Amino acid sequence: MSDYCIALCTCPDRDTAEQIARTVVSEKLAACVNILPGITSVYAWQGEICCDNEVQLIFKTRHRDADKLFNRVLMLHPYDVPEWLLLDVADGGADYLKWIASSLS
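The sequence shown lines up with residues 5 to 109 when you count with this note's numbering.
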């Protein structure tokens with residue numbers, strides 16, 4: 005496992021996504037957050053099949069900051085159970101990884 009990871013989280017709308025992104029970047033919990041609009045999520049929830057328009061957040065962070073990031077997202081997020089998936093970054097551009105580290109300290 006590397007020092008770096010990507011976290012995924014969906015939001016109900018762009019305003020919520022931007023609020024979360026701006027907060028976690030300003031608090032140095034994520035170096036960068038990409039906001040991808042216009043996704044459609046199909047999922048089972050409380051015995052029903054749901055289909056909703058959502059916004060995808062992609063957080064760039066370090067594994068050691070991921071728990072703090074997740075707890076902060078939970079405080080800001082309107083969903084009872086927000087998506088939270090961590091993907092290990094196997095490798096990356098050395099300068100980009102240094103930039104992530106410097107952005108989080």
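Just so you know, even glycine gets a beta-carbon here, dropped at the ideal spot from N, CA and C.
Here the structure is a predicted model, which is why all the values come from computation and not from measurement.
Does DSSP put residue i in a helix, in a strand, or in coil?
i          : result
residue 88 : coil
residue 11 : strand
residue 48 : strand
residue 33 : coil
Please classify residue i as buried or exposed, where buried requires at least 16 other C-beta atoms within 10 Å of its C-beta.
i           : result
residue 104 : buried
residue 167 : Absent from the structure is residue 167, since the part of the chain shown begins at 5 and ends at 109.
residue 13  : buried
residue 69  : buried
residue 110 : Only positions 5 to 109 of the chain appear in this structure, which leaves residue 110 out of reach.
residue 54  : exposed
residue 64  : buried
residue 24  : buried
residue 18  : exposed
residue 33  : buried
residue 52  : exposed
residue 89  : exposed
Nearer than 8 Å: is that true of the beta carbon of residue i relative to any heavy atom of the ligand ZN?
i          : result
residue 48 : Looking for the ligand ZN in the displayed structure turns up nothing, as the structure carries no ligands at all.
Name the two residues that bound the continuous alpha helix (DSSP H) containing residue i.
i           : result
residue 102 : 98-107
residue 19  : 18-30
- Task: Any chance you could list the alpha helix (DSSP H) runs of at least 4 consecutive residues sitting entirely within the segment 50-86, in chain order?
- Result: 67-80
- Message: Can you confirm whether the segment 90-101 touches the segment 43-54 when touching is taken to mean that 3 or more C-beta pairs between the two stretches lie within less than 8 Å?
- Response: no
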